[in-house]
Amino acid sequence: MDFETIKLDCDGGVARLTFNRPERRNAFIVRMHEEIHLALDAALADPATRLLTITGAGSAFCAGQDLAERDAGAAEIDLGANIEQYYNPLITRLVSLPVPYLCAMNGVAAGAGVGIALAADLCIARRSARFVQAFSTIGLVPDAGSSWHLPRSVGMARAMGFTLLGEPLSADLAADWGMIWRAVDDDQFDTEVHRIEQQLATGPTRGLVLAKQALRAATSQPLASQLEMERDGQRAAGRTQDYREGVTAFKEKRQAGFIGR
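Residue numbers (full-length UniProt numbering): 1 to 261.
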């Protein structure tokens with residue numbers, strides 16, 4: 001399948017989706033949203049897919065919305081329609097994927113690009129990368145789920161400062177705050193991304209998905225409900241072939257050969 005604004009490469013259980021508008025710092029346009037959903041449909045239709053990685057081409061990860069696509073001088077403009085039609089379905093889909101989602105943040109993430117990174121199950125960034133919550137500089141509010149994810153990952157005070165002041169945040173500080181999993185030296189970034197991809201794509205996929213679902217649910221439900229979810233998740237995981245293989249491999253003191261089922 002050929003795309004204009006993204007690339008999709010599937011190999012070894014990894015579906016790697018690359019934002020491919022480097023001349024516009026991988027900023028979103030309508031066609032890019034449409035092609036991302038087509039790519040996700042194609043990748044997830046393949047039973048061999050056990051991990052989604054999202055990264056960017058060139059020096060940026062994603063600069064958010066391409067403002068050149070909008071007419072800010074129009075008498076009537078409904079930005080909420082764009083959010084409802086494109087960004088909200090994308091974030092909803094990313095956080096509920098049936099496989100783990102790794103964000104390999106190769107460069108700056110701004111605006112909605114921050115939301116795409118925060119929606120990941122695991123995000124690692126080049127040490128030179130930066131986060132920019134750019135909405136305050138153009139009179140808008142955070143979107144792409146960042147107003148939900150930020151306070152939960154870094155706390156309200158830091159979320160407020162980052163959002164209202166619009167100051168860039170380094171990858172190192174983002175890692176220290178708990179926004180991302182890890183900041184990696186630029187010359188080691190590709191190697192580390194590949195290592196994590198291999199670990200996740202050969203892991204017990206069903207168990208990993210049940211685990212991430214439980215962790216996400218924990219931010220919005222009481223302990224009693226969470227305990228019930230853990231019980232149900234453990235019951236489902238215990239019925240997988242990967243669980244049986246994991247226990248057998250442990251007893252036999254060998255590396256487990258998980259198949260994702």
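Cβ coordinates follow ideal geometry from the N, Cα and C atoms, glycine included.
Identity of the residue in the options nearest residue i by Cα
i: Glu192; options: Val114, Val108, Cys103; result: Cys103
i: Ala236; options: Ala214, Ala48, Arg25, Gly207; result: Gly207
i: Asp187; options: Thr205, Arg126, Leu223, His149; result: Arg126
i: Gln234; options: Ala211, Asp66, Val184; result: Ala211
i: Ala110; options: Arg93, Val30, Pro142, Asp121; result: Pro142
i: Thr205; options: Arg24, Pro47, Arg25, Asp9; result: Pro47
i: Ala175; options: Ile196, Leu122, Thr49, Lys253; result: Leu122
i: Leu164; options: Gln133, Phe189, Asp11; result: Gln133
i: Leu51; options: Gly13, Met32, His33, Arg21; result: Gly13
i: residue 263; options: Asp190, Ala120, Lys251, Ile83; result: The chain is shown only over 1 to 261; residue 263 falls outside these bounds and no answer can be derived.
i: residue 268; options: Tyr87, Arg239, Val247, Ile124; result: As shown, the chain starts at 1 and ends at 261. That puts residue 268 outside it, with no answer to give.
i: Leu140; options: Val247, Phe3, Ile83; result: Ile83
i: Asp41; options: Val247, Met1, Pro151; result: Met1
i: Cys10; options: Ala45, Val247, Ile124; result: Ala45
Alpha-carbon to alpha-carbon, residue j and residue i
i: residue 264; j: Ser153; result: Nothing about residue 264 can be read from this structure; the chain reaches only from 1 to 261.
i: Phe162; j: Gln85; result: 27 Å
i: Gly260; j: Val209; result: 10 Å
i: Asp185; j: Glu197; result: 17 Å
i: Pro168; j: His194; result: 27 Å
i: Ala218; j: Tyr243; result: 23 Å
i: Ser59; j: Pro89; result: 27 Å
i: Leu79; j: Trp181; result: 32 Å
i: Ser225; j: Glu23; result: 47 Å
i: Leu94; j: Met156; result: 24 Å
i: Glu245; j: Asp232; result: 20 Å
i: Ser170; j: Thr49; result: 32 Å
i: Ser220; j: Trp148; result: 11 Å
i: Asp190; j: Arg239; result: 35 Å
i: Met32; j: Pro222; result: 38 Å
i: Glu252; j: Glu4; result: 49 Å
i: Leu17; j: Leu150; result: 24 Å
i: Arg21; j: Ile124; result: 21 Å
i: Val30; j: Val247; result: 47 Å
Residue j beta carbon less than 7 Å from that of residue i
i: Ala129; j: Gly115; result: no
i: Ser146; j: Leu118; result: yes
i: Ala43; j: Ala81; result: no
i: Phe28; j: Gln65; result: yes
i: Ala183; j: Asp172; result: yes
i: Met105; j: Phe61; result: yes
i: Ala8; j: Ala57; result: Here the sequence assigns Leu to residue 8, which means Ala is not the residue at that position. Result no, Cβ atoms of Leu8 and Ala57 do not sit closer than 7 Å.
i: Ile91; j: Ala144; result: yes
i: Thr137; j: Gly166; result: yes
Inter-residue CB distance, residue i and residue j (contact presumed, cutoff 8 Å)
i: Glu35; j: Ile54; result: Rounded, the Cβ-Cβ distance is 13 Å, inconsistent with contact.
i: Leu200; j: Pro98; result: Contact flag wrong, Cβ pair sits at about 13 Å.
i: Gln255; j: Ala249; result: 6 Å
i: Arg25; j: Ala63; result: 4 Å
i: Phe258; j: Gly203; result: 6 Å
i: Ala214; j: Glu228; result: Not a contact, Cβ separation roughly 11 Å.
Exercise for review: Let me know the alpha helix (DSSP H) ranges lying completely inside the stretch 142 to 230, each 4 residues or longer, listed in chain order.
Suggested key: Here the runs fully enclosed are 146 to 154, 156 to 165, 171 to 177, 189 to 201, 205 to 217.
Point to revise | Length at least 4, wholly inside the stretch 6 to 59: the alpha helix (DSSP H) runs in chain order | key: Counting only runs of 4 or more, we get 30 to 45.
Review point. Residue ranges of each beta strand (DSSP E) run of no fewer than 3 residues wholly in the stretch 82 to 116, ordered along the chain?
Key: You should have 101 to 105, 108 to 110.
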